[in-house]
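**Q**
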Amino acid sequence: MSLTVVTRIDRRDAGEYSGQRAHDHRIGTKEHPIPSYVDQSRIDLNSRILDAPECAKMHLRNETLKLKARERAALNYANALKSNDPKDIKKAWGEKQACRQKYSRGDVVAYSFLLGFGYEAQKIIDGLEYAEQDRLFEQAVMDVAQAMDVEVVSLVVHRDEAATHCQAQTTAVTFKGAKVRMQPVDCARLQDIGAAAFAHLGIKRGTPKAERQANGDEWNKINHRTVKRLHEDLPKEIAQKEQDLAMVQERCQKEQATLAALMKEYENAQLLLQQTVAEEERFRNILEQALSDGRKILGKTYKVVTDTGAMGLFSKTESRHLYTKKDLKDVIHTAAVREYSKVKAKENAFAARELILKGEIEDTRRQAKEDRLQVEEVTLKAQLCLETLNHMILKAVQEHPKLAETNFDSHVESLVNRGFLLDDIRDAVAKTVVERQVGEACKQIADGPDKDEPDKDELGENENGKDEFGEVSEQPRRKKLGGPKFS
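If you're matching positions, the sequence shown starts at 5 in my numbering and goes up one per residue.
As structure tokens, then:
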């Protein structure tokens, strides 16, 4: 959608026409000051191709178109009656009926036409000479006006804002004397006509709503909500996204804590495994030492007394081995098997636990990764909502400059009474065009003196709640009206 022409046609009553005229021609007045988003050092770069007349002259121009159309229709009808041609009579009668309705100065005075571009198309337009830009804008506006059968009364190219665009205004009465009636099908046709002037640059009109809906686009992306509706919907949507983000972040923190605990348990298991391996090595050394000692005493014999003679005068002895080779082998094998079985059982237990921990760690890491992606997605949607709100606020201020000077004290006080914090209110409008006004309103509420609370001396009370005679005063203290104080 970036290589597209952005078109918009709106009705203007008398007050709106005067404001649009002041905005288009940068006429700074008390009622219609120059918006803050306009770079006044670049106003000279604007092209004023047609200057809009004042509102009174605009009324006169609409009335003149209707009067001339009536005179022309009456003459054509008279000539048709003379010709006695039913087709001519029917056509002339239709033209006469089309302009019979009176022009009301309290009704629509003019139609305002905005012509802008998508991001990529804007680069192409900015690369053209100013004269070529003016020619293309004028051609597009005149083609649209011809299709509407109206007169163009104002045509200005703005280059002192963030993006180059064109503002034009037309009469509210057609050359045939009829009031302009805009239907959705007419708006779609006029968008095609306005975009035709830029087709040779590869720029085209955006995809129609019906086609986008047929392609499966979400309705909230197709249907353009009003600024008032966006002010109502976007804060709720942002709050919901922030709540979802907080829940995902909380779950992510829990997963991170679980992962940290598993990693700690895994480290402890590794440490125990190392201790087990060291213990196994120690048992091996003990067995080796036992084998070595056994080999040293293997084969040695000892004199053992087996019998004694009469009166104990002599004794009978015989030589015996302390251990036989088989005894030593059996003892050592039994001890080795017993100790090896213990160590091996510990090794198997730790290996199984290590395998389980690795699986849990992988699952936790995978879940943490999914949670991070979800956090990023929710964060992106919340940023998109904020950017959309900021864009629509900027758009609203562009079209209604009075919004830039609106006093927000009552709105902020209402939010505070509902329980919102001043810091949260400031953050909600950060980096938007109303940041300054809302900030001043917050500061007014936070720092404003409480003039309605009487002093203690006025009530005749001291710090202990007693009056000047030492008696407890029964006069109730009045509650402060300033609401809760915020730091």
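C-beta: ideal position from N, C-alpha, C; glycine also.
Give the DSSP-derived three-state secondary structure of Y81 in the structure shown.
**A** helix
**Q** Please tell me whether D164 and I47 are closer than 8 Å, where the distance is taken between their beta carbons.
**A** yes
**Q** By the 10 Å Cβ neighbour count, where 16 or more other Cβ atoms means buried, how is K435 classified, buried or exposed?
**A** exposed
**Q** Compare the C-alpha of E556 against each of Q279, E246, G198 and name the closest.
**A** Here the chain has residues from 5 to 491 only, and residue 556 is not among them.
**Q** Between the alpha carbons of I290 and A265, how many angstroms are there, rounded?
**A** 37 Å
**Q** Write down every uninterrupted run of the beta strand (DSSP E) in the region 404-434 whose length is 3 residues or greater and which is fully enclosed by it, in chain order.
**A** Within the region 404-434, no complete beta strand (DSSP E) run reaches 3 residues.
**Q** Provide the residue span of the alpha helix (DSSP H) that contains V9, from first to last.
**A** V9 -> not in any alpha helix (DSSP H); beta strand (DSSP E) instead, spanning 8-16.
**Q** Mind checking E158: buried by the 16 CB within 10 Å criterion, or exposed?
**A** Residue identity check: residue 158 is Ser in the sequence provided, not Glu. Its Cβ being crowded by 16 or more others within 10 Å, S158 is buried.
**Q** Per DSSP, what kind of secondary structure is T174 in: helix, strand or coil?
**A** strand
**Q** Where does L132 sit, in a helix, a strand or coil, going by DSSP?
**A** coil
**Q** Going by C-alpha distance, which of Q171, V184, T368 is nearest D28?
**A** Out of Q171, V184, T368, Q171 has the C-alpha closest to the C-alpha of D28.
**Q** Y41 and E420 - do their beta-carbons sit closer together than 8 Å?
**A** The displayed chain sequence assigns Val, not Glu, to residue 420. Not a contact, by the Cβ cut-off of 8 Å.
**Q** For D130, count neighbouring C-beta atoms within 10 Å of its own C-beta (all shown protein chains included) and say buried if the count is 16 or more, exposed if not.
**A** Exposed, because fewer than 16 other Cβ atoms sit within 10 Å of the Cβ of D130.
**Q** Using the rule of at least 16 other Cβ atoms within 10 Å of the residue's Cβ for burial, across every protein chain shown, is E259 buried or exposed?
**A** buried
**Q** If you compare alpha carbons, which of L64, E246, A355 is closest to L275?
**A** Residue A355 is the option with its Cα nearest to L275.
**Q** Restricting to Cα atoms, I'd like to know which of V416, Y134, R440, M186 is closest to L49.
**A** Among V416, Y134, R440, M186, the Cα nearest to that of L49 belongs to Y134.
**Q** Taking the straight line between their C-alpha atoms, what separation do you get for R185 and R16?
**A** 13 Å
**Q** Which residues in the same chain as N411 place their Cβ atom closer than 8 Å to its Cβ, once the five residues preceding and following it in sequence are excluded?
**A** Q441, A445
**Q** I need the boundaries of the beta strand (DSSP E) containing I53, first residue and last residue.
**A** 51-54
**Q** Alpha carbons only, please: which of E124, E374, V156, D431 is nearest the one belonging to A243?
**A** D431
**Q** Once the 5 residues before and after A372 are set aside, which same chain residues still bring their CB inside 8 Å of it?
**A** C256, E259, Q260, L263
**Q** So, with DSSP's three-state summary, where would you put H29?
**A** coil
**Q** When you compare the region 59-73 with the region 173-189, are there three or more beta-carbon pairs, one atom per stretch, that lie closer than 8 Å?
**A** They touch, by the three-pair rule.
**Q** Would the beta-carbon of A144 fall within 8 Å of that of G198?
**A** yes
**Q** On the premise that K183 lies in contact with Q247, defined as a C-beta separation below 8 Å, what is that separation, rounded to the nearest angstrom?
**A** Contact doesn't hold; Cβ gap of about 49 Å is too wide.
**Q** Round the Cβ separation of L377 and E269 to the nearest angstrom and send it over; I've been treating them as touching at under 8 Å.
**A** About 26 Å; that fails the 8 Å criterion.
**Q** Should the region 114-128 be called in touch with the region 77-93, which here means at least 3 C-beta pairs below 8 Å?
**A** Contact between the region 114-128 and the region 77-93 is absent, because fewer than three Cβ pairs lie under 8 Å.
**Q** Quick one: using the 10 Å Cβ neighbour count with 16 as the cut-off for buried, is K100 buried or exposed?
**A** buried
**Q** Considering only the alpha carbon of each residue, which of K406, D451, Y344, A386 lies closest to E35?
**A** K406
**Q** Rounded to the nearest angstrom, what separates D461 and K245 at their Cα positions?
**A** Note on D461: pLDDT 45, under 50, position unreliable in the model; no value is reported.
**Q** Run through the DSSP bridge pairs and tell me what G120 is partnered with.
**A** V10
**Q** Relative to the C-alpha of C59, which residue among A149, D92, V379, Y115 is closest?
**A** Y115
**Q** Quick one: what does DSSP say E462 is sitting in, helix, strand or coil?
**A** Low confidence applies to E462: its pLDDT is 43, below 50, so where it sits in the model is not reliable, and the reading given next is rough at best. Helix, per DSSP.
**Q** By the three-class DSSP mapping on this structure, what secondary structure does S108 have?
**A** coil
**Q** Among V112, G206, D147, which has the Cα closest to the Cα of S6?
**A** G206
**Q** Quick one: give me the first and last residue of the alpha helix (DSSP H) that L205 is part of.
**A** Neither: L205 is in no alpha helix (DSSP H) and is coded neither H nor E.
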